[in-house]
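S.K.: First, the structure itself, so that you have it in front of you.
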């Protein structure tokens, strides 16, 4: 992707390459400083949620679901995933990210390949199940909409559908891959 | 209504912490401390993805792609006006919010196009950004089928969004 863009720019506007890269990198730095401020608040809040025992309660509530969807047995990891998923549900993606990164670290088996649970977590985060799209409603309100909240219901319908689709697709593909593996093994054994 | 959700949640949390005799201030500080290290760790990944997206935009490739793909998108029921948003959404959050505001300004916040755009934004995520940042602190090199599945779901969501906005 980067290669193709640079190739095109080489023909059309070679001087823009470096200046654009630098300005984007500066944007990234700015974004990171902003994120640092946001994460500081959310990580502080999450630490409180954890220390007060609420995280454990939340995890206990979501445990059957997480066990079934992610196939994770470790209690600490389940807790992290529970917090990530609930932050997503509340529409605070910025709070979900640090928890997501921590969950990923806990799920990593060091093999370099994504495990079933890692894939599932990425897909669930990518289909973004959220109950209240607060940012979008805010933007729409400031753009002068007569009824900025009328997108909540359609968004909810679509997001529930895509999340369910994502989860089923991951489970389905995992099953097929396992079948192929088993067949290969069976063939090798026969040989 | 939604403006009250977070403040009330925070209030409940702090009250609960005091009730549970948690050392609120120290615990908060302990958690907040992790933010700087986390951001330093993920900065290079955020920078490279933003640079890639920036180059893509400046080179004009997104417009070319949008034009090329618009017949396909039209076939799926996605209006031509939304092609750029659909293409850039998986890569950049701030960029796609910019496009959304543009759409509001051009077509009006209550138009069919704008409502579609809102639902698309609400049901999708910056897939590549999320994937890059999430696995940045692990040894995972190959994501296998995670990205294709996420993209397919996003596309299905987009098609569905355009359909539902027509009905509702």
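Chains as they are written, first to last, in this note's numbering: chain A, 2 to 192; chain B, 121 to 288.
Glycine residues also receive a C-beta, built at the ideal position from the N, C-alpha and C atoms.
Hey, is residue 22 of chain A's beta-carbon within less than 8 Å of any beta-carbon in chain B?
M.R.: yes
S.K.: Looking only at its own chain, which residues have a Cβ that is under 7 Å from the Cβ of residue 194 of chain B, when we skip the five neighbours before and after it?
M.R.: 200
S.K.: Contact criterion: CB-CB distance below 8 Å. Does residue 166 of chain B meet it with respect to chain A?
M.R.: yes
S.K.: Could you give the distance in angstroms between the alpha-carbon of residue 222 of chain B and the alpha-carbon of residue 130 of chain B?
M.R.: 34 Å
S.K.: Measuring CA to CA, which of B:235, B:207, B:142, B:217 is closest to residue 285 of chain B?
M.R.: B:235
S.K.: Counting only C-beta atoms, is residue 238 of chain B closer than 8 Å to chain A at any point?
M.R.: Yes, its Cβ sits closer than 8 Å to a Cβ of chain A.
S.K.: Could you run through the segment 151-178 of chain B and flag, in chain order, every residue whose CB is less than 7 Å away from some CB of chain A?
M.R.: 151, 152, 154, 155, 156, 158, 159, 163, 166, 167, 170, 171, 172, 174, 175, 176, 178
S.K.: What would DSSP say about residue 209 of chain B, mapped onto helix, strand or coil?
M.R.: coil
S.K.: Does DSSP put residue 259 of chain B in a helix, in a strand, or in coil?
M.R.: coil
S.K.: Within 8 Å (strictly less), CB to CB, does residue 134 of chain A reach chain B?
M.R.: yes
S.K.: Short check: CB of residue 202 of chain B to CB of residue 237 of chain B, under 8 Å?
M.R.: yes
S.K.: If contact is defined by three or more beta carbon pairs under 8 Å, each pair taking one atom from either stretch, is the segment 161-174 of chain B in contact with the segment 28-48 of chain A?
M.R.: yes
S.K.: Under a CB-based cut-off of 8 Å, is residue 142 of chain B close to chain A?
M.R.: yes
S.K.: Can you tell me which of A:151, A:114, A:41 puts its alpha carbon nearest to the alpha carbon of residue 232 of chain B?
M.R.: A:151
S.K.: Between the segment 72-104 of chain A and chain B, which residues of the former have CB atoms less than 7 Å from a CB of the latter, in chain order?
M.R.: 98, 99, 101, 102
S.K.: Closer than 7 Å, Cβ to any Cβ of chain A: which residues of the segment 240-256 of chain B, in chain order?
M.R.: Those residues of the segment 240-256 of chain B that come within reach of chain A (Cβ to Cβ, closer than 7 Å) are 241, 242, 243, 244, 245, 247, 250, 251, 253, 254, 255.
S.K.: Name the chain B residues that come within less than 7 Å of residue 48 of chain A, Cβ to Cβ?
M.R.: 147, 148, 150, 151
S.K.: Report buried or exposed for residue 218 of chain B, applying the criterion of at least 16 other Cβ atoms within 10 angstroms of its Cβ.
M.R.: exposed
S.K.: Please name the residue in B:128, B:224, B:151, B:279 whose C-alpha comes closest to that of residue 145 of chain A.
M.R.: B:224
S.K.: At a Cβ threshold of 8 Å, is residue 198 of chain B touching chain A?
M.R.: Output row for residue 198 of chain B: interface = no.
S.K.: Taking C-alpha atoms, which residue in A:114, A:136, A:82 lies nearest to residue 260 of chain B?
M.R.: A:114
S.K.: Kindly indicate which three-state DSSP category residue 114 of chain A falls into: helix, strand or coil?
M.R.: strand
S.K.: What residue does the alpha helix (DSSP H) around residue 142 of chain B start on, and which one ends it?
M.R.: It is not in any alpha helix (DSSP H) - residue 142 of chain B carries neither H nor E in the DSSP assignment.
S.K.: Can you tell me where the alpha helix (DSSP H) holding residue 40 of chain A begins and where it ends?
M.R.: 17-52
S.K.: Starting from the C-beta of residue 40 of chain A, find all residues in its chain whose C-beta is less than 8 Å away, skip the five residues before and the five after it, and write them out in chain order.
M.R.: 95, 98, 99
S.K.: Is the distance from the Cβ of residue 144 of chain B to the Cβ of residue 49 of chain A below 8 Å?
M.R.: yes
S.K.: Using a C-beta to C-beta distance shorter than 8 Å, which residues of chain B count as neighbours of residue 141 of chain A?
M.R.: 224, 229, 234, 238
S.K.: Three or more C-beta pairs under 8 Å: does that hold for the segment 132-141 of chain A against the segment 102-112 of chain A?
M.R.: no
S.K.: Might you give, ordered along the chain, the residues of its own chain that have their beta carbon closer than 7 Å to the beta carbon of residue 80 of chain A, omitting 5 neighbours on each side?
M.R.: 56, 57, 60
S.K.: Run down chain B in chain order and give the residues with a C-beta less than 8 Å from the C-beta of residue 155 of chain A.
M.R.: Residues of chain B passing the Cβ test: 235, 239, 281, 284, 285, 288.
S.K.: Residue 274 of chain B and residue 255 of chain B look like a contact to me (Cβ under 8 Å); what is the Cβ gap, rounded to whole Å?
M.R.: Contact flag wrong, Cβ pair sits at about 18 Å.
S.K.: Whether or not the segment 71-89 of chain A and the segment 179-189 of chain B are in contact is what I'm after, with contact meaning three or more pairs of Cβ atoms, one per stretch, closer than 8 Å; do they touch?
M.R.: no
S.K.: Check each residue of the segment 181-210 of chain B: if its Cβ is closer than 8 Å to any Cβ of chain A, include it; give the result in chain order.
M.R.: Only those residues of the segment 181-210 of chain B whose C-beta falls short of 8 Å from the nearest C-beta of chain A are listed: 181.
S.K.: Assign residue 165 of chain A to buried or exposed, taking buried as 16 or more other Cβ atoms, counted over all protein chains shown, within 10 Å of its Cβ.
M.R.: exposed
S.K.: Mapping the DSSP letters down to three states, classify residue 218 of chain B as helix, strand or coil.
M.R.: Residue state, collapsed to three classes: helix.
S.K.: Below 9 Å on C-beta distance, what does residue 172 of chain A contact in chain B?
M.R.: Near residue 172 of chain A there are no residues of chain B at all, since even the closest Cβ is about 10 Å away, more than 9 Å.
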